[in-house]
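Heads up, the thing below is written out as C-alpha cells.
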Amino acid sequence: MSSTFAELAPPEIVARYEPVIGLEVHAQLATATKIFCSCPTSFGAPPNTNVCPVCLGLPGALPVLSRQAVEHAVAAALALNCTIRSRSQFARKNYFYPDLPKGYQISQYDQPFSEHGWLDISVDGATKRIGVTRVHMEDDAGKSVHDGFKDSDEYTYVDLNRCGTPLIEIVSEPDMRSSDEAVAYMTEVKQVLQFVEASTCDMEKGHLRCDANVSVRLKGTEKLGTRAEVKNLNSFRFVKAAIEYEIARQVAILEGGGKIHQETRLYNVASGVTVGMRSKEDAHDYRYFPEPDLVPLRIGDAWRERVRARMPELPSAKRARFAGSYGLREYDAQALTATRAMSDYFEKAAAVSGDPRAAANWVMGDLLGALNAAGKDIAESPVSAERLGELVALVRTGALSGKLAKDIFPRMIETGEAASAIMDREGLRQISDSGALDKILDDVLAANPKQVEQYRSGKTAVLGFLVGQVMKASRGQANPGSVNDMLKEKLG
Amino acid sequence: MEIPTLTIDAVKEGLRARRFSATELASEALKFARAENPKTNAYLTFCDERALSAAAAVDAKLARGEDPGPLGGVPVAVKDVILTRGVRTTCGSKLLADYVPPYDATAVIRLEQAGGIILGKTNCDEFAMGSSNENSAFGPVRNPVAPHRVPGGSSGGSAAAVAQGTAVVSLGSDTGGSIRQPASFCGVAGVTPTYGRVSRYGLTAFASSLDHIGPFARTVKDSATLLRVIAGRDEMDSTSAAAPVPDYEALLDRNVRGVKIGLPREYFKGLASETGDLIASGIETLKRLGCEIRDISLPSTDYAIACYYIICTAEASSNLARYDGVRYTFRSPNSPSLGAMYRNTRGEGFGTECKRRIMLGTYVLSAGYYDAYYLKAQKVRGLIARDFTNAFAEVDAIVAPVSPFPAFKLGEKVDDPLEMYLSDIYTITGDLAGIPCMSVPCGKTAGGLPVGMQILANHFDEARMFRLADAFEKETN
Numbered sequence: 018m019s020s021t022f023a024e025l026a027p028p029e030i031v032a033r034y035e036p037v038i039g040l041e042v043h044a045q046l047a048t049a050t051k052i053f054c055s056c057p058t059s060f061g062a063p064p065n066t067n068v069c070p071v072c073l074g075l076p077g078a079l080p081v082l083s084r085q086a087v088e089h090a091v092a093a094a095l096a097l098n099c100t101i102r103s104r105s106q107f108a109r110k111n112y113f114y115p116d117l118p119k120g121y122q123i124s125q126y127d128q129p130f131s132e133h134g135w136l137d138i139s140v141d142g143a144t145k146r147i148g149v150t151r152v153h154m155e156d157d158a159g160k161s162v163h164d165g166f167k168d169s170d171e172y173t174y175v176d177l178n179r180c181g182t183p184l185i186e187i188v189s190e191p192d193m194r195s196s197d198e199a200v201a202y203m204t205e206v207k208q209v210l211q212f213v214e215a216s217t218c219d220m221e222k223g224h225l226r227c228d229a230n231v232s233v234r235l236k237g238t239e240k241l242g243t244r245a246e247v248k249n250l251n252s253f254r255f256v257k258a259a260i261e262y263e264i265a266r267q268v269a270i271l272e273g274g275g276k277i278h279q280e281t282r283l284y285n286v287a288s289g290v291t292v293g294m295r296s297k298e299d300a301h302d303y304r305y306f307p308e309p310d311l312v313p314l315r316i317g318d319a320w321r322e323r324v325r326a327r328m329p330e331l332p333s334a335k336r337a338r339f340a341g342s343y344g345l346r347e348y349d350a351q352a353l354t355a356t357r358a359m360s361d362y363f364e365k366a367a368a369v370s371g372d373p374r375a376a377a378n379w380v381m382g383d384l385l386g387a388l389n390a391a392g393k394d395i396a397e398s399p400v401s402a403e404r405l406g407e408l409v410a411l412v413r414t415g416a417l418s419g420k421l422a423k424d425i426f427p428r429m430i431e432t433g434e435a436a437s438a439i440m441d442r443e444g445l446r447q448i449s450d451s452g453a454l455d456k457i458l459d460d461v462l463a464a465n466p467k468q469v470e471q472y473r474s475g476k477t478a479v480l481g482f483l484v485g486q487v488m489k490a491s492r493g494q495a496n497p498g499s500v501n502d503m504l505k506e507k508l509g
Numbered sequence: 065m066e067i068p069t070l071t072i073d074a075v076k077e078g079l080r081a082r083r084f085s086a087t088e089l090a091s092e093a094l095k096f097a098r099a100e101n102p103k104t105n106a107y108l109t110f111c112d113e114r115a116l117s118a119a120a121a122v123d124a125k126l127a128r129g130e131d132p133g134p135l136g137g138v139p140v141a142v143k144d145v146i147l148t149r150g151v152r153t154t155c156g157s158k159l160l161a162d163y164v165p166p167y168d169a170t171a172v173i174r175l176e177q178a179g180g181i182i183l184g185k186t187n188c189d190e191f192a193m194g195s196s197n198e199n200s201a202f203g204p205v206r207n208p209v210a211p212h213r214v215p216g217g218s219s220g221g222s223a224a225a226v227a228q229g230t231a232v233v234s235l236g237s238d239t240g241g242s243i244r245q246p247a248s249f250c251g252v253a254g255v256t257p258t259y260g261r262v263s264r265y266g267l268t269a270f271a272s273s274l275d276h277i278g279p280f281a282r283t284v285k286d287s288a289t290l291l292r293v294i295a296g297r298d299e300m301d302s303t304s305a306a307a308p309v310p311d312y313e314a315l316l317d318r319n320v321r322g323v324k325i326g327l328p329r330e331y332f333k334g335l336a337s338e339t340g341d342l343i344a345s346g347i348e349t350l351k352r353l354g355c356e357i358r359d360i361s362l363p364s365t366d367y368a369i370a371c372y373y374i375i376c377t378a379e380a381s382s383n384l385a386r387y388d389g390v391r392y393t394f395r396s397p398n399s400p401s402l403g404a405m406y407r408n409t410r411g412e413g414f415g416t417e418c419k420r421r422i423m424l425g426t427y428v429l430s431a432g433y434y435d436a437y438y439l440k441a442q443k444v445r446g447l448i449a450r451d452f453t454n455a456f457a458e459v460d461a462i463v464a465p466v467s468p469f470p471a472f473k474l475g476e477k478v479d480d481p482l483e484m485y486l487s488d489i490y491t492i493t494g495d496l497a498g499i500p501c502m503s504v505p506c507g508k509t510a511g512g513l514p515v516g517m518q519i520l521a522n523h524f525d526e527a528r529m530f531r532l533a534d535a536f537e538k539e540t541n
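Rendered as C-alpha cells:
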C-alpha cells in the first residue's frame, strides 16, 4: 500500500506538508436496552426480532430516553474531561434511507449534552493534548443487507434490530498531525470508554467506528486546507491507512496544481484507496430541528456527581500511579493499563505477591504469553490474579525457586490449580531449612571426596559443581542460596 | 333506546335499570351507525367484534355487581389517526389504507379500561391536515346538520358521529383547531386539553409539539368525563404531564358569578357576521350568569397564522417522512430504483394538502432558511404564549369565536388553501400556547347552522373551563 502512496506523492514531497486531522468517533453505549425503548441491544438475534413500535418507527410511537444510556454517556464524557451541560436538547436529523424507519435520526445538534473536553495521547514518548469539541447522544439506524440472498440482485433486505441502539459521537478538534496521532487518539478513546464501561468498543461488532476529517497545508502556513471526510473506518489499521492515503492523495492534487474539493469519501478496504461519495453540493441538508417528542435533557449537579463517583480510576491516572507507587517502567505501566481487566488483574496479583515489579513481569511475560498462545483474554485467564500473586510470593519468600516457578506455571495454566497445591502434591517445596539440607549435603560431600579435596586446596570454582550435585540430589528443591552458604561453611 | 340522544348518565341509568344490556346497546348502536353512515361518511371502519367483546365484558362486570367504569357500556367513536390494535387505522390516507396497527394508543387503552365501547374509526382529513374533512382519501364527511356542508376538520368524522347521535362521545385530535372547529360546525362540545394532559402515544403525529387528543360530546359534562378517563401521565410519552387529574364532573354545577372573563379585542376585529352576533349574545348570557367581562389584548395574534403554519409544516415534513413505501405503507408499483420508489409512493400516496405542507415544512427547515423561518416562528410562539400568561394574570378565562364563519358548502373553499389557513386564526393560538380550550354550542344562524363559542383557560385549568362551559350550556338550553 505504501507504494500506492509513493505513486501518488513521494515521501519527500509529502513531508513538506502538514496534515490536519480531526476524528468523529462513534461508540455504542453498553446498555442492555435501546436508547428510546426497552428492546434488547443483544447482538446476533434473528433479523427484525429485537424491535417494537418505537424502534420500528410505527405511526404514533414516541421515544422515551433511557436513563441508563444517559449515565453511560455522562461517564464517557467525564472520562474525556468534558463539561456536562445542565440542559441539552435532542434534535432530528432528517434523511431518507430504507434502514432508517422514522425518516430521521434522533441526535443532538446545537445543544449537545457535553463539550470542551480533552484527551492526552502519547506518540514516540511525547505527550500531546487533543481537544474534544463535544460528545453527543444519538440513536443508530438499522442495517441494509445488499448481498447474500438468492434475489439480492433485485432486492435489498433490511434488518432493524440495530435501530435505536444508543450511540455517542465524540467529535475531536482538528488537533492531530499524523496518522499515528489519530490512531493513538482513537486507542486512547477506546481505552477510556472501556475503563468507564460506557462501551465495550468491540470493533468487530461495529461498537466503535470513526470518520476522519483530513486536510493538508504546506508546513509553516496557517490557513487550513479544504478537508475531505473519510467515513466509517472500523479498525485502527484502516484509520491509519485511510488517513495516509488521503494525505498522499491531497498532496498529489495540490502538487499538480489542483484544488481539493470538500467531499465525503469512502475507504475501500480491498484496494486501500479512498473514493469520492458525495460532494459538498450534493451533501444532505439534514434539516435539523429540536425533537418535539422529547423534553430537554436536564443533568443536574447531583446526578452528574453520582455518575462521577461511580467512575473507576482512569487509565492516565492509573499509569501515573503504577509508575510512581509500584516503580514500574513507563512501558510496563502502559501495557498493564491497556484495559481495565488487565490493570485490575495486575493490581490484585501485585497486592498478593508483595513484589509488584515481579508481578508485572509475570503478567506481561509468562501470563500474557500463555494467554496469547491460547487465544484467550485476561478475563478468561485460567490462573486467577490471586494465584499468580501467590506464585510470585512463594518465590519472594524463598519457598519456591525461580526455576521451579517457571516449571509450575504452565501446569497452573493447564489446570488452574494453586502453585502451593502443585508443590505440595509433587513435593516441590524449596528446602532452605539447614536441618533438612544437612543430610543431603553430607551425602554429596561423602560421595565426591575428589572435589572436596580440590576445593580445600584452593580451587573454589568447584563449589558450583557441588551445589549442582546438591540440587540434583534434592530434585531441585534445595534453595541454592542456602546450599551455597552451607557448603562454604562445611568446607571452610 | 334513544341512541341519538343518549348521554353517559343515560347509559349508566339504562344499564342499572336493566332496560338494556351493554351488548344490546352496542349491537343497536353499531346497527344504527351503519344505517346512518351513508348520510355522512363519518365512519371509515366499524369494529363489531371488538365492540361486542368489550360490551360483554361490561355486562359480565355488571352481572358480578362490579362497577363497569365511568364509561361502562358507552358507545364511542375514535378518529382514525388514533391507533387501535387489530383495527385498520388509515389516518384518512391512501398510504395507510390497509394499515392494521399492532398496538393501541394509550387513550384507547384508558377509555376501554373505563368501560367504553369503541364502535369504529372515524373519517378525517389526511393525517389531520385540513379544516373541512375534504382532504380524506376516503371521501369527505357531510355535516349531519346540513348535508351539503362540511362538518369542519380535521376531526370531521368524530364531530359528525356525535352530532348525528351514532356515538355518545368520540375522540378527536387537535393541532390547530381540529376538534373545536368541527365541534362548532356540528353543534357539539369539543375539547382541546392542555398540551401534555393526554398522552400522545398512539396518536399518529402531524405536528408533535401541537398535537392533542381530546373529546367530543353532546354535553359539556360528558366531554369532561371522557377527558378525565384519558388524561394523566403516561410513561410512553415524555411530554405527558404528571399534574394530577381533578374530578372535573364533581367540579361542575358551580356558581360562575364573579368569574373574570377576558375578550381579546384582536379576536373580535371585523367579526360582524351572524357568527359575531351569536358570540355577542353568548357573552350576554355569561354576563347574566354574573361573569365579569373585561376587554383584554393578545397583541401577538397577528403573527399566529404565519407562526403556526411554519411550525406545524416543519414538524409535519419530518413526521410524515416514515411513509416511504419501505415497510407498512402503500408502495407504488413499477419503481425501478429506490429514489423512484420514494418519489412514486409519496407522490401517489399523499393527497394535495399533505404534499403542500411537506413542501412548506421542508423549505422552512432548509439550510439557510431555518433561522429566518423556524427559529423566528419559535420565538413568536413564545410571545403568543406570553400574551396568554399576561392575560391570565388578569382574567380567569378567555372567550372568543371558534371560526369566522359557520359550516361552509362542500367544495366551496377547496381551491383556496390560503383562505382555509386564515380561517384557523381563532383556534391556533390556543394550540401554540398549549392551553386548554373548548368549543361549546352557542346557538344557530338563521339558516340553522350551529356556531360554537370558544372558552380558553390557563394551563391545566380545564376544571374552570368546564365549569364555565357547563353553566353556559345549562343557561342556554
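From first to last, the protein sequence lines stand for chains A and B. End of the first sequence = 509 in the numbering used here, gap-free, step of one. End of the second sequence = 541 in the numbering used here, gap-free, step of one. Here a beta-carbon is modelled for each residue, glycine too, at the ideal position from N, C-alpha and C. Keep in mind it's a predicted model, so treat the numbers as computed, not measured.
Within the model, the alpha-carbon separation for residue 282 of chain A versus residue 419 of chain B is close to 34 Å. For residue 226 of chain A, none of the residues of chain B pass the 7 Å Cβ criterion, the least Cβ distance being about 24 Å. Residue pairing of residue 282 of chain A in beta bridges, as defined by DSSP: A/247, A/293.
Inter-residue distance for residue 295 of chain A and residue 268 of chain B is about 34 Å (C-alpha atoms, whole angstroms). Taking 8 Å as the cut-off, the Cβ atoms of residue 315 of chain B and residue 527 of chain B count as close.
Within the region 160 to 240 of chain B, complete alpha helix (DSSP H) segments of at least 4 residues are found at 170 to 177, 220 to 228, given in chain order. The beta carbon of residue 226 of chain B lies closer than 7 Å to those of 233, 234, 252, 280, 281, 282 in the same chain, with the five residues before and after it left out. The region 129 to 149 of chain B makes no contact with the region 371 to 378 of chain B; the number of CB pairs closer than 8 Å stays below 3. For residue 111 of chain A, the residues of chain B that pass the 7 Å Cβ criterion are 382, 385, in the order they occur in the chain. Under the three-state reduction of DSSP, residue 172 of chain A is assigned to coil, being neither helix nor strand. Taking 8 Å as the CB threshold, residue 444 of chain B stays off the interface with chain A.
Beta-bridge annotation (DSSP): residue 423 of chain B is not paired with any residue. Contact of residue 429 of chain B with chain A by beta-carbon distance below 7 Å involves 304, 306. If you keep only unbroken beta strand (DSSP E) runs of at least 3 residues inside the region 102 to 166 of chain A, you get 107 to 111, 121 to 125, 131 to 140, 143 to 156, 160 to 162. At a beta-carbon threshold of 9 Å, the residues of chain A lying near residue 301 of chain B are 79, 81, 310, ordered along the chain.
The beta-carbon of residue 184 of chain B is placed no less than 8 Å from the nearest beta-carbon of chain A.
At a cut-off of 8 Å between C-beta atoms, residue 115 of chain A counts as an interface residue with respect to chain B. In the DSSP assignment, residue 509 of chain B is bridged to no other residue. The three-state secondary structure of residue 359 of chain A, taken from DSSP, is helix.
A Cβ-Cβ contact shorter than 8 Å links residue 185 of chain B with residue 148 of chain B.
Residue 99 of chain A places its beta carbon 8 Å or farther from that of residue 68 of chain A. The three-state reading of DSSP puts residue 431 of chain B in coil, since its state is none of H, G, I, E or B.
Boundaries of the beta strand (DSSP E) around residue 234 of chain A: 225 to 235. The beta carbons of residue 203 of chain B and residue 250 of chain B sit no closer together than 8 Å. Note: residue 293 of chain B is not bridge-paired with any residue in the DSSP secondary-structure output.
By the Cβ test, the region 364 to 372 of chain B is not in contact with the region 410 to 430 of chain B, since fewer than three Cβ pairs between them sit closer than 8 Å. Residue 119 of chain A belongs to the set of residues whose beta carbon lies under 8 Å from a beta carbon in chain B. Chain-ordered, the chain B residues with CB closer than 7 Å to the CB of residue 70 of chain A read 166, 167.
Under the Cβ distance rule, residue 267 of chain B counts among the residues neighbouring chain A, one pair being separated by less than 8 Å. Residue environment for residue 270 of chain B: buried (at least 16 other C-beta atoms within 10 angstroms of its C-beta).
Under the Cβ criterion of 8 Å, residue 496 of chain B is not counted among the residues facing chain A. Within chain A, no C-beta atom comes less than 8 Å from the C-beta of residue 371 of chain B; the nearest is roughly 15 Å away.
Proximity of chain A to residue 141 of chain B at the Cβ level (cut-off 7 Å) is not reached, the minimal Cβ distance being about 18 Å.
Using a Cβ-Cβ cut-off of 7 Å, residue 391 of chain B is close to 118 of chain A, given in chain order.
Excluding residues up to 5 positions away in sequence, 184, 186, 226 lie with their Cβ nearer than 6 Å to the Cβ of residue 43 of chain A in the same chain. In this structure residue 229 of chain A is not in contact with residue 200 of chain A, their Cβ atoms being roughly 10 Å apart against a cut-off of 8 Å.
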